[in-house]
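These notes concern the structure reproduced below.
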Amino acid sequence: MIHITLPDGSVRSYEANVTPMDVAKSISEGFARNVISASFNGTTIETVTPLTTDGSLVLYTWNDKAGKTAFWHSSAHVLAQAIEELYPGSKLTIGPAIDNGFYYDVDFGEHTVSEKDFKAIETKMLEIARGKHDFNMRSATKAEALDLYKDNPFKTELIENLEDGTITFCDHSTFTDLCRGGHIPNTGIIKAVKILSVAGAYWRGDENKPQLTRVYGISFPKQKELKEYLELLEEAKKRDHRKLGKELELFTFSPRVGQGLPLWLPKGAALRERLENFLKSAQKKAGYEMVVTPHIGQKELYETSGHYAKYGADSFQPINTPKEGEEFLLKPMNCPHHCEIYNNSQWSYKDLPKRYAEFGTVYRYEQSGELHGLTRVRGFTQDDAHLFCTPDQLDEEFKNVIDLVLYVFGSLGFENFTAQVSVRDPENPDKYIGNVENWEKAEQAIINAAKDKGLNYVIETGEAAFYGPKLDFMVKDALGRQWQLGTIQVDYNLPERFNLTYKGSDNELHRPVMIHRAPFGSMERFIAILLEHTAGNFPLWLMPTQAIILSISEKYEKYAEKVLNLLENNEIRALVDHRNETIGKKIREAEMQKHPYMIIIGEQEANENKITVRQHGGADLGMISVEDFSKIINEEISKTLKPF
Ligand SMILES: [Zn+2]
Ligand SMILES: [Zn+2]
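Following the numbering used here, the numbering of the sequence shown begins with 694 at its first residue and continues without gaps.
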């Protein structure tokens, strides 16, 4: 008998050579029908692999990430078979599962494959899938493997790098592929397939090596799921922040200024300013003080902080002065500067905590191929702050920072989020700086704070930074995608490196604890996520223009100006569209610009001293007074933007 431990901690006994699928069936037939993959003692195995020792078994369904990986990995084999049948002479290379689907890199030889061929590939894949072929793993000697691929230099290269005795193949139907395993039981589970795109890719990512064609695909156990996924892709395309940023005239890039360096247009700059003012006002109430530091710092500063040793080689290289021979770095982070601000005075425990905040612009080198809109840039502004406190104050400070982060999320419409507490790996104490007692205190402070604030959190062991534990917030956007926003980190390292001290009640010098935090992360990335989350329909308090005034003809221009003045007196951001265009055209463009309210002015409105109001998206509020309209706007704002 062997003993199998399941994820819920229960232990079951079976005859040796029981398979994961047998175990699933012994739990319930219904559950077993959904099981598509398994892992044993942390290693992915087949659902038909005989188990011969005691160990921990995890059974996965489509709803698990590991289940999807097995599903897409298996689908890549089916894609490869379809390609081999449709394009004889093609040479297969590698074909992994990815976050959303799978790809296969292929040397198509004389064939070219483009979008018009996708349908044929999909049809062939589904035809193979319907055959319900089992995936079977088997071992092969190096000689056998080399013989099978004697006409394929790519697989030959892969096999030559493998040890004889470790080589395995996967067979299904009439097809064989070099593979390490991890499949769904059979091809029949694959019910829906879509080839998404093709792209050029170099063998092994090396531009000096042959160019291959990468075929991207995705597959699902249900047709309905494919349909939903494709709708999501369509919606994501519409919401792409690069597209919306252009349409809403928020930001641009100029090749002359340089790639990865966003230029904020007036409307975008106004948006940033409103976000900054919003956070500044909450921070002020939370006892933060604003500081300002330069965009460069001496190389030595980052040697002291340890950043240079860790990131120096992969960063923008030092800037030299022409005469003095000094070396400066573009600021990659604000922390060392803030440590020096702390060091400007000798603090007593009674002065702490000190909370320094700065919208600090930092520069980090990213390879040009990695740059992406506002989410991967080379220069960005962090909504940064560093808190310096005594170890006893850590608990409360941490809770206060969580309050601030939750306030930010709430005011911006991010309601769906989880938190991750990253703690030490207790097995590896050498990996971390600082004493065990402080670490325990800090980890407990974070967990207590998360509990106290009712956060939905998970604890990840071994995920802490070497200098301290942290709390990360993961938000889910309107399309169900996860983004990491808002980090709070405890740091024992920099106070040590910068010799930060405070005088305790015992009159001795002590080390303060430092907290790094940024609720937005960076203004650039945050605005990108907010754009995609809201499709540009920001909360009303944040909209660049809250109402646009459209007059039916020039005759009512004067009344339009009067309405504008009244709205401005009520602190509503409004504009008049003065152009001599038809009202129909003005309305269409205002919809495109996502102005939340349109105010239409004609003869009746001017005579009765009223306005006709239309909401973005079509709802009609009818003819009302400016006062009533102002009330509606202010009520809507107060629903999302509450005082901190
Ligand atoms: Zn495989
Ligand atoms: Zn920092």
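Built from N, CA and C at the ideal position, the CB exists for glycine as well.
Quick caveat: nothing in here was measured; it's all calculated off a predicted structure.
Range covered by the alpha helix (DSSP H) that runs through residue i
| i | result |
| --- | --- |
| residue 1032 | 1028-1035 |
| residue 899 | No alpha helix (DSSP H) contains residue 899, which DSSP labels as neither H nor E. |
| residue 779 | 758-779 |
| residue 1313 | Unbroken run through residue 1313 is the beta strand (DSSP E), 1313-1317; no alpha helix (DSSP H). |
| residue 1285 | 1276-1285 |
| residue 1126 | Residue 1126 -> no alpha helix (DSSP H), and no H or E assigned at all. |
| residue 971 | 959-978 |
| residue 839 | 835-841 |
| residue 1299 | 1296-1301 |
Beta-ladder partner(s) of residue i, from DSSP
| i | result |
| --- | --- |
| residue 869 | 864 |
| residue 753 | 730 |
| residue 1000 | Bridge partners of residue 1000: none, in fact. |
| residue 1175 | 1169 |
| residue 1203 | 1195 |
| residue 1021 | 991 and 1012 |
| residue 908 | 797 and 891 |
| residue 918 | Its beta-bridge partners do not exist; DSSP assigns none. |
| residue 1291 | 1241 and 1307 |
| residue 879 | 827 |
| residue 806 | Bridge partners of residue 806: none, in fact. |
| residue 1215 | 1075 |
| residue 785 | 799 |
Local conformation of residue i per DSSP, three classes
| i | result |
| --- | --- |
| residue 1061 | helix |
| residue 705 | strand |
| residue 1088 | helix |
| residue 939 | helix |
| residue 1226 | helix |
| residue 1079 | strand |
| residue 1150 | strand |
| residue 1184 | strand |
| residue 1266 | coil |
| residue 821 | helix |
| residue 934 | helix |
| residue 1039 | coil |
| residue 724 | helix |
| residue 1236 | coil |
| residue 944 | strand |
| residue 748 | strand |
| residue 886 | strand |
| residue 1210 | strand |
| residue 1322 | helix |
| residue 1272 | coil |
| residue 1071 | coil |
| residue 1102 | helix |
| residue 1159 | coil |
Element boundaries [beta strand (DSSP E), containing residue i]
| i | result |
| --- | --- |
| residue 849 | It is not in any beta strand (DSSP E) - residue 849 instead sits in the alpha helix (DSSP H) that spans 846-853. |
| residue 1055 | 1047-1056 |
| residue 797 | 794-800 |
| residue 696 | 695-698 |
| residue 1111 | 1110-1116 |
| residue 829 | 829-832 |
| residue 1240 | 1240-1244 |
| residue 1306 | 1304-1308 |
| residue 738 | 736-738 |
Chain B within 9 Å of residue i, Cβ atoms only
| i | result |
| --- | --- |
| residue 830 | Protein chains in the displayed structure number just one, and chain B is not present. |
Quiz item: With contact counted as at least three CB pairs below 8 Å, one residue from each stretch, are the stretch 1228-1247 and the stretch 1325-1336 in contact?
Solution: yes
Margin query: With a threshold of 8 Å, are at least 3 pairs of Cβ atoms found where one atom belongs to the stretch 1102-1109 and the other to the stretch 1082-1094?
Written below: no
### Message
Three Cβ pairs or more, each shorter than 8 Å: is that satisfied between the stretch 931-944 and the stretch 953-966?
### Response
yes
* Asked: In chain order, what residues place their C-beta within less than 5 Å of a heavy atom belonging to ligand 2?
  -> 1028 and 1209
request  = Under 5 Å from any heavy atom of ligand 1, by CB: list those residues in chain order, please.
outcome  = 863 and 872
- Would you check if there are 3 or more beta carbon pairs closer than 8 Å linking the stretch 855-865 to the stretch 824-836? yes
Three or more C-beta pairs below 8 Å linking the stretch 1018-1031 and the stretch 1084-1093: no
Under 8 Å: do the stretch 995-1007 and the stretch 964-974 share three or more Cβ pairs, one atom per stretch? no
Pairing CB atoms from the stretch 1208-1221 with CB atoms from the stretch 1244-1251, are three or more of them under 8 Å?
-> no
How about the stretch 801-821 and the stretch 878-886: do they share at least three Cβ pairs that are nearer than 8 Å?
-> yes
- prompt: Between the stretch 1120-1132 and the stretch 1151-1169, do three or more beta carbon pairs fall short of 8 Å?
  reply: yes
(request) For the stretch 1022-1040 and the stretch 1048-1061, state whether three or more C-beta atom pairs, one from each stretch, are separated by less than 8 Å. (result) yes
Three or more C-beta pairs below 8 Å linking the stretch 755-763 and the stretch 890-906 | no
- Should the stretch 784-794 be regarded as contacting the stretch 839-847, the criterion being three or more beta carbon pairs within less than 8 Å? yes
*Check whether the stretch 1142-1152 touches the stretch 1171-1180, counting contact only when three or more Cβ pairs, one atom from each stretch, lie closer than 8 Å.*
no
- Message: Below 8 Å, how does it come out for the stretch 1297-1313 and the stretch 1263-1277: are there three or more Cβ pairs, yes or no?
- Response: no
**Item:** Cβ contact (3+ pairs, closer than 8 Å) linking the stretch 739-746 and the stretch 870-884
**Value:** yes
- Contact between the stretch 1314-1328 and the stretch 1256-1272: three or more CB pairs below 8 Å? yes
* Counting Cβ pairs, one atom from each stretch, are 3 or more of them under 8 Å apart for the stretch 916-924 and the stretch 1186-1197? -> no
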